[in-house]
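Below is one structure, written out as structure tokens; comments come after it.
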Amino acid sequence: MPSQGRKPGKGLSKNKQKAIAREQERRQAVFNAFSQFYEQEYGPERWSTLMAAMHQPSRHCIMLNKYCTTPPDPEKLTALNLARLGFCSIPCFATTDAERFPHPSKDDQGMTDYYILDAGSVLATEALDIEPHDHVLDLCAAPGGKSVSVLQRLGRGGHLTVNELSADRRRRLRQVLDGYVPKDVLEDLVTVVGKDGTKYYQEPEQYDKVLLDAPCSSERHLLHDEKEFEQWSPKRTVHNATRQLALLKAAVHSVRVGGTVVYGTCSISSAENDKVISKFMRKGKIPVEVVKRTWPIGERTKYGWIVLPDKTDGWGPLYFATLKRTGVSKNDHDDSDEEEQEDIA
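At the far end of the sequence shown sits residue 345, using our numbering, and the numbering has no gaps.
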């Protein structure tokens, strides 16, 4: 559970002590509701192990940057006992535990030698099965790790559009790209835009591959951030799922027939994962088929794949589902937010 903060004690007025006690009771009530919500979904035994695993520090791997001319300093990494992740088509390495990596370095051109991320995030980009000539859309691109991963696979005949609505997050996204990809490559391969992702249905069938790393509840992060955790409620999950469905509709609308959409979250809630896919499939306005593959870490869900830290030595959470568009849209994008809210709830 997130820390309880300062406990009532000597030196405080009675009113202050009462206020602190009420705040602690409120936090405990949020924690109890959170635990009950996910225990109902996972069952008491699985939830106990999953909750404990999510309280542990997150585990990471490093993704080497092909645009950096200087490889990582061997002395800096040798002591970490690195092993290459065999399920990645690009060079990614992990330690055998949750040990932190040293801060990455830059070469003479200012290119950073590696990016630190969760191995589950690499799986999501692997699921896109990117070819060098593909035109790819990263619909919710910040903070930029998955965009950097996509660019490790693209060639000069391809193109990546990175979209981020928030101006501040888009600024930081540009900084990440500038630190990993040379200026001439960025000018040739990358377009950065700041659109509402739910409006991408206005650009139908423009891309070969679309990555939708949807905003989500991010429960593991919440458990390590007291202020954020205090904002959690089941209604937040419903709100997220409503927006996620709108984003997924736009993503599928923007991919060409025969193209691929990977929908992903770092949520553990089925309402934000399989149920979003189920709702999209049930409405059936754009024909798609679910592409099912087996991956070395994680477990299958009805429509996708989920990496949970209690079963994968600390990786995750990361959920993703792969959809292949098989035909044209049956009618225009005309669903209202009210309809989506009602259906998700």
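The beta-carbon is built from N, C-alpha and C at its ideal position, and this holds for glycine as well.
Can you give me the Cβ contacts of residue i inside the same chain, cut-off strictly under 8 Å, excluding the 5 residues immediately before and after it?
i    : result
T326 : V257, G258, P287, V288 and E289
E339 : For E339, the predicted model reports a pLDDT of 46, less than 50, meaning its position is unreliable and no value from the coordinates is stated.
S329 : P204, H253, K285 and I286
Beta-carbon within less than 6 Å of residue i's beta-carbon, same chain only, minus the 5 sequence neighbours each way: which residues are those?
i    : result
Y180 : N65, T112 and V148
K302 : D274
I90  : Q152
K16  : none
F101 : I62 and I116
R169 : A142
C68  : D107, M111 and D113
E39  : W47
Q206 : S254
Check this for me: beta carbons of residue i and residue j, under 8 Å apart or not?
i    : j    : result
V261 : V255 : yes
L139 : G194 : no
W315 : D118 : yes
C266 : P182 : no
A141 : E126 : no
R243 : S217 : no
L160 : V176 : no
C276 : L245 : Note on residue identity: the sequence assigns Val, not Cys, to residue 276. In contact: V276 and L245 (Cβ atoms closer than 8 Å).
L85  : L308 : no
I268 : E226 : no
L203 : V30  : For the record, residue 203 in the displayed sequence is Glu; it is not Leu. No, they are not a contact pair.
T70  : L82  : no
What are the boundary residues of the alpha helix (DSSP H) that includes residue i?
i    : result
L245 : P234 to S254
F31  : K14 to Y42
F347 : Within the shown structure, residues of the chain are numbered from 1 to 345, placing residue 347 beyond reach of any answer.
T198 : No alpha helix (DSSP H) contains T198, which DSSP labels as neither H nor E.
V185 : K183 to L189
A167 : A167 to Y180
V148 : G145 to L151
V122 : A119 to A127
I need the boundaries of the beta strand (DSSP E) containing residue i, first residue and last residue.
i    : result
N163 : H159 to N163
T322 : L318 to R325
W305 : W305 to V307
K209 : Y207 to D213
H135 : H135 to D138
Between the Cα of residue i and those of the options, spot the shortest distance and give me the residue it belongs to.
i    : options                   : result
M281 : L212, V190, E164 and K249 : K249
S270 : G145, C140, F37 and Q28   : F37
V122 : P132, C140 and F93        : F93
K209 : G158, V276 and A246       : G158
N240 : K227, R46, T294 and G264  : G264
E228 : A19, R22, A21 and R27     : R27
Excluding the 5 residues preceding and the 5 following residue i in the sequence, name in chain order all residues of the same chain whose CB lies nearer than 7 Å to its CB.
i    : result
G155 : P132 and H133
V252 : V261, I286, V288, L323 and R325
P234 : F37
A321 : Y263, I277, V290, Y303 and G304
L223 : P2, M54, H55 and F229
E272 : C216, S217, T237, N240, A241, Q244 and T265
Check the C-beta distance from residue i over to residue j and give it rounded, since I have them as a contact under 8 Å.
i    : j    : result
L211 : K279 : So it is not a contact: roughly 20 Å between Cβ atoms.
D73  : S105 : 7 Å
W295 : F34  : Actually they are not in contact, since the Cβ atoms of W295 and F34 sit about 28 Å apart, beyond 8 Å.
G144 : L173 : 5 Å
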